[in-house]
Each structure stands twice: as C-alpha cells, then as structure tokens.
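Report on the structure given below.
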Amino acid sequence: MMLTGMHVAIIGGDARQLEVIRKLIELDAKLSLVGFDQLAHHFMGATKLRIDEVDFVDLDAIILPVHGTTLDGKVNTVFSHEQIPFTEEMLLKTAKHCTVYTGISNRYLDDLMKAAGRKYVQLFERDDVAIYNSIPTAEGAVMIVIQHTDFTIHGSRVAVLGLGRIGMTVARTFAALGAKVKVGARRSEHLARIMEMGLVPFHINDLEKEVQDIDICINTIPHLIVTASVIAKMPAHTLIVDLASKPGGTDFRYAEKRGVKAILAPGLPGVVAPKTAGQIIANVLSQLLYADLQKRKGNGQ
Ligand code: NAP
Numbered sequence: 001m002m003l004t005g006m007h008v009a010i011i012g013g014d015a016r017q018l019e020v021i022r023k024l025i026e027l028d029a030k031l032s033l034v035g036f037d038q039l040a041h042h043f044m045g046a047t048k049l050r051i052d053e054v055d056f057v058d059l060d061a062i063i064l065p066v067h068g069t070t071l072d073g074k075v076n077t078v079f080s081h082e083q084i085p086f087t088e089e090m091l092l093k094t095a096k097h098c099t100v101y102t103g104i105s106n107r108y109l110d111d112l113m114k115a116a117g118r119k120y121v122q123l124f125e126r127d128d129v130a131i132y133n134s135i136p137t138a139e140g141a142v143m144i145v146i147q148h149t150d151f152t153i154h155g156s157r158v159a160v161l162g163l164g165r166i167g168m169t170v171a172r173t174f175a176a177l178g179a180k181v182k183v184g185a186r187r188s189e190h191l192a193r194i195m196e197m198g199l200v201p202f203h204i205n206d207l208e209k210e211v212q213d214i215d216i217c218i219n220t221i222p223h224l225i226v227t228a229s230v231i232a233k234m235p236a237h238t239l240i241v242d243l244a245s246k247p248g249g250t251d252f253r254y255a256e257k258r259g260v261k262a263i264l265a266p267g268l269p270g271v272v273a274p275k276t277a278g279q280i281i282a283n284v285l286s287q288l289l290y291a292d293l294q295k296r297k298g299n300g301q
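With this note's numbering as the guide, the letters of the sequence shown map in order to residues 1 to 301.
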C-alpha cells in the first residue's frame with residue numbers, strides 16, 4: 001500500500017500530527033506542511049509552507065487537526081505562533097475530488113464544507129477510531145483514579161455508566177485490574193452483553209439505588225445522568241470520573257457542594273499517549289487515502 005502521486009496538505013495540529021506526517025512520508029505521499037515553522041525537525045519529502053504558498057489546485061487531500069478549526073475559521077497549531085485561516089476561497093481552488101479530513105467538526109466547518117461541496121470526513125465519528133481511542137482513554141481513567149484515591153482499584157466497587165465504545169473498554173480494564181465492576185445501560189442487548197462479560201448489569205433507571213455502595217463512578221454517557229439526586233445517594237468518599245465530552249454528564253456544582261470529588265477528564269488519549277493517539281489517526285487516515293487513490297485510479301481520473 002503506497003500513496004505515491006498523492007499530494008496532501010497537513011494544516012496545523014499538535015504532536016499527534018507528527019505521527020501522521022511520518023506515516024504519510026513512509027507511504028511516499030507528497031506533503032505540504034502548514035503551521036510547522038517552529039518545528040526543528042526537517043522531514044525529508046515534505047515541504048514547510050505558509051498557507052498562502054499552498055498550491056491548492058494540486059491537492060488531493062487536506063488534513064486538519066483533531067479539533068478542526070476554531071469557530072471563526074482559524075486552525076490552531078502548537079508548532080507555529082500564527083493561527084492559520086482556513087477559508088471557502090482556498091477550498092474552492094481545489095479539484096472536485098479533494099477530500100478534507102478532521103477529527104471533529106464544528107459549525108464553521110460544517111457550513112464551509114457544505115458551501116464548498118468537497119468530500120468531508122470526521123475521523124472521530126468512525127467506530128474504528130473510537131474503539132482504538134478507547135484504549136488510551138481507559139488507561140487515562142486508570143491514571144486519574146489512582147491519582148485521586150487512597151485505595152487500590154483491585155477490590156474496589158466501580159460503576160461504569162454506558163456500554164458504548166468507551167464504556168466497554170473502561171469496564172473491561174477496571175475488571176481486569178480486579179475491581180468489582182457493574183455497568184449501567186438502557187438497552188437490553190447491552191445488559192445481556194454486560195452479563196456475558198462477567199460483569200454486573202443494571203438498568204440506568206436504577207442508578208440512584210445502584211450507587212449507594214460504590215467507591216468509583218465512571219461516566220461515559222454524554223448527557224446529564226449523574227444528577228444531584230444520584231450524587232446525594234453516593235457514599236461521601238465516592239470518586240466520580242466523567243469521561244463524556246464537555247460539559248460531561250455530572251452535576252459538578254452539586255458534587256462540589258456535597259463534597260464528593262468529581263473530575264471531568266476530556267481528551268485523555270492526547271494527554272496520556274499522544275504518540276499512540278497519533279498512530280491511530282495515521283493508520284486509519286492512510287487507509288482512507290489509499291482507498292480514495294484506488295477509487296480514482298479505477299475511475300481513470
Ligand atoms: P458511544 O459509543 O456512542 O457510547 C455512548 C453510550 O451512552 C451508548 O452506549 C449509549 O447507549 C449511552 N447513552 C446515551 N444516552 C443515554 C441515556 N440518556 N441514557 C443511558 N445511556 C445513554 O460513545 P463513546 O465513543 O463510548 O463515547 C462516549 C463519550 O466519551 C463521548 O462523549 C465521547 O466524546 C467521549 N470520549 C471521551 C474521551 C476522553 O478522553 N475522556 C475519549 C474518547 C471519547 P444507547 O446505545 O442506549 O444510546
């Protein structure tokens with residue numbers, strides 16, 4: 001699998017993007033790097049450019065950082081002092097087949113991509129990326145629990161809320177460390193799967209009852225689920241770790257009032273394992289770019 005003949009612009013980002021650059025160079029893609037001027041490392045086969053020097057007409061793909069752009073259309077980068085504009089005017093210069101890749105989208109990008117009519121991929125919405133990312137996320141959850149408790153995970157009573165891509169890995173990880181894990185879900189097939197995994201299932205509607213005997217509560221449900229009335233039933237020493245995307249699913253105001261420690265922990269893969277997190281993106285991206293290249297070759301473009 002090679003990407004010879006493909007021209008890709010990588011615009012901005014953090015350490016994770018370095019893994020993408022490495023991988024795409026290895027696969028022989030032609031790279032234009034924007035927003036990497038402060039990076040001492042020189043990549044053979046990649047050219048560092050300013051955004052106004054990019055040959056958009058020639059591009060096959062544009063790779064934005066995990067967070068895409070700001071809401072006013074700027075791309076952040078840790079390797080340059082400058083914020084980089086990413087505009088409709090630039091996109092309209094590209095060939096029709098040019099695809100834009102981002103981690104997550106926002107209103108600005110949604111509107112821009114709709115107006116420009118180019119193919120658009122949000123990597124973090126993909127199941128494969130979410131499942132791979134659940135591994136560093138679960139390790140990060142272990143780190144936070146260790147940092148904020150004075151007892152072992154082994155033997156502790158843990159409630160994991162949600163059996164999605166993150167919840168399943170978190171539940172398995174804590175169980176493997178010897179915790180007594182119960183998992184709250186609402187779908188009967190999830191409750192069946194939890195039982196099959198050798199863990200204790202409970203319906204999320206019974207959360208108030210189920211938290212009365214726990215030491216740790218790990219939420220992965222991106223809705224307000226750990227409400228004041230749930231927190232009121234927890235033992236005072238319970239640690240709440242909320243992994244759901246901001247603002248999380250916990251009533252943090254009430255937790256603080258009641259003296260229950262509650263921690264919102266977003267973006268753990270980039271914190272605990274930026275290299276692995278970068279490799280996850282790089283591997284999936286290179287497969288998508290390759291499939292795109294093959295498709296165009298098939299179409300004789
Ligand atoms: P997911 O696969 O969609 O799982 C979410 C789970 O929540 C699903 O099983 C869903 O169950 C359940 N759920 C949703 N609404 C519910 C409700 N009202 N009551 C009961 N259950 C409900 O998502 P994921 O990939 O696991 O990600 C979970 C969250 O973690 C997201 O917010 C994601 O952004 C975040 N995340 C955080 C990190 C980090 O570092 N902290 C890393 C990656 C992802 P149903 O199937 O019944 O709807």
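Glycine included, each C-beta is placed from N, C-alpha and C at the ideal position.
| query | result |
| --- | --- |
| Pocket of the ligand NAP (residues with CB nearer than 7 Å to any heavy atom), chain order | Ala130, Asn133, Ser134, Thr137, Gly140, Gly162, Leu163, Gly164, Arg165, Ile166, Gly167, Ala185, Arg186, Arg187, His190, Ile204, Thr220, Ile221, Pro222, His223, Ile225, Leu243, Ala244, Ser245, Ala265, Pro266, Gly267, Leu268, Pro269 |
| Where Leu243 sits in the DSSP three-state scheme | coil |
| Residue closest to Thr238, alpha-carbon to alpha-carbon, out of Ile263, Lys246, Pro247 | Ile263 |
| Straight-line gap, Thr137 to Leu163 (C-alpha atoms, nearest Å) | 14 Å |
| Boundaries (first-last residue) of the beta strand (DSSP E) holding Thr47 | 46 to 49 |
| Local Cβ density within 10 Å of Gly178, reported as buried at 16 or more and exposed below that | exposed |
| Cβ contact check for the stretch 236 to 254 and the stretch 192 to 206: 3 or more pairs under 8 Å | no |
| Same chain, Cβ closer than 7 Å to Ile131, five either side skipped, listed in chain order | Arg165 |
| Proximity of Met1 and Leu27 at Cβ, strictly below 8 Å | yes |
| Residue closest to Gln279, alpha-carbon to alpha-carbon, out of Lys182, Asp128, His41 | Asp128 |
| Runs of alpha helix (DSSP H) lying entirely within the stretch 182 to 209, each at least 4 residues, in chain order | 188 to 196 |
| Distance between Pro201 and Leu49 (C-alpha atoms, nearest Å) | 54 Å |
| The stretch 169 to 176 contacting the stretch 138 to 148, beta-carbon criterion three pairs below 8 Å | yes |
| Backbone CA spacing between Lys275 and Leu268 [nearest angstrom] | 12 Å |
| Nearest-angstrom beta carbon gap, Glu256 and Lys233 [assumed within contact, 8 Å] | Wrong, their Cβ atoms sit about 17 Å apart, outside the cutoff. |
| Length of the line joining the Cα atoms of Ile146 and Gly117 | 47 Å |
| Unbroken alpha helix (DSSP H) run spanning Ala175, endpoints | 165 to 176 |
| Counted within 10 angstroms of its Cβ, other Cβ atoms place Val57 as buried (16 or more) or exposed | exposed |
| Presumed contact (8 Å Cβ cut-off) between Ser32 and Val54, rounded CB distance | 5 Å |
| According to DSSP, residues forming a beta bridge with His7 | Lys30 |
| Supposed contact pair Thr102 and Leu123 - C-beta distance, whole angstroms, cut 8 Å | 7 Å |
| Closest Cα partner of Arg186 within the set Leu285, Ile214, Ile221 | Ile221 |
| Spatial distance of Asn133 from Met197 (CA atoms) | 20 Å |
| Cβ neighbours of Tyr120 in the same chain (closer than 6 Å, five flanking residues each side left out) | Val100, Met113 |
| Ile302 versus Val158 - alpha carbon distance | The requested residue 302 does not occur in the structure, where the chain is confined to residues 1 to 301. |
| Beta carbon of Ile84 nearer than 8 Å to that of Val75 | yes |
| Inter-residue Cα distance where the pair is Val78 and His41 | 14 Å |
| Option in Ala291, Gln294, Gly270 with minimal Cα separation from Ile135 | Gly270 |
| Contacts around Ala265, its chain only, beta-carbon distance under 8 Å, and the 5 residues preceding and following it disregarded | Gly140, Ala141, Ile144, Val241, Asp242, Leu243 |
| Rounded separation between Glu210 and Asp150 - CA only | 23 Å |
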